[in-house]
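Taking the numbering used here, I'd label the letters of the sequence shown as residues 16 to 181. Here a beta-carbon is modelled for each residue, glycine too, at the ideal position from N, C-alpha and C. Take a look at the structure set out below.
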Amino acid sequence: YVLYARKSTQTKEKQQKSIQDQIKECKEYALKNNISILQIFIDEQTARKAGKRTEFTDMLNKIKKGTFNSILSWHPDRLARNMREGGEIIDLIDKGTIVDLKFPSYTFVNDGSGKLALGIQFVLAKNYSDNLSVNTKRGNENRSIEGKGLRNDKWGYILDKNKYYV
16 YVLYARKSTQ
26 TKEKQQKSIQ
36 DQIKECKEYA
46 LKNNISILQI
56 FIDEQTARKA
66 GKRTEFTDML
76 NKIKKGTFNS
86 ILSWHPDRLA
96 RNMREGGEII
106 DLIDKGTIVD
116 LKFPSYTFVN
126 DGSGKLALGI
136 QFVLAKNYSD
146 NLSVNTKRGN
156 ENRSIEGKGL
166 RNDKWGYILD
176 KNKYYV
């Protein structure tokens, strides 16, 4: 097995413990289930758009070459939040290139129903990403209309204790 962990942002402050927590839970799961982890792959960027994650691509290339054949990750949404990469994982399972997937927070069974459920997890993850963008934009626009600041002071203004521009 390879262990794959991902957080959605490259910013150090955001999701700071996310990678550590994923790896810790996966290693605990591996120990309890007699799984050997041969390599750890870590990406610190979004999976919303396909082809952007270098470690994920490297991991899949090594799987295709036969270096590894199984993946341990915290949840399916760590693997794919877009249909191309989710479809590629399911295709590699269909071909027998990926023999197994394990998740501490999700149960995968390598059969027709299991692949259907995995595909649904990928679709739900994509839907979450798509909605997050729309909802964040709407929330920011509404805060702006109310005269409230978002994060930082704008030049010439300060934010009061209620986050209104002054």
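Cβ-based burial, residue i [other Cβ within 10 Å; buried from 16]
i       : result
Gly-81  : exposed
Leu-133 : buried
C-alpha gap between residue i and residue j, whole angstroms
i       : j       : result
Arg-21  : Tyr-44  : 17 Å
Met-74  : Phe-56  : 7 Å
Leu-46  : Ser-120 : 15 Å
Ile-86  : Leu-116 : 5 Å
Thr-128 : Gln-35  : It should be noted that the sequence gives Ser, not Thr, for residue 128. The straight-line gap from Cα to Cα measures roughly 31 Å.
Ala-140 : Asn-157 : 26 Å
Asp-109 : Gly-171 : 59 Å
Secondary structure of residue i, DSSP reduced to three states
i       : result
Lys-178 : coil
Lys-110 : coil
Glu-59  : strand
Asp-126 : coil
Arg-21  : strand
Phe-137 : helix
Phe-83  : coil
Own chain partners of residue i with C-beta closer than 7 Å, once the 5 adjacent residues on each side are dropped
i       : result
Leu-53  : Tyr-16, Val-17 and Phe-83
Ile-113 : Ile-78, Asn-84, Ser-85, Ile-86, Ile-104 and Leu-107
Lys-163 : Lys-178 and Tyr-179
Phe-118 : Ser-88, Trp-89, His-90 and Pro-91
Cut-off 6 Å between Cβ atoms - residues of its own chain near residue i, not counting five sequence neighbours on either side
i      : result
Lys-29 : Because the pLDDT at Lys-29 is just 45, under 50, the model does not fix this residue reliably, and the point stays unresolved.
Asp-58 : Arg-21, Arg-68, Glu-70 and Phe-71
Arg-93 : Arg-21
Residue i at chain C interface by Cβ criterion, 7 Å
i       : result
Phe-123 : In the displayed structure, chain C is absent; only one protein chain is listed.
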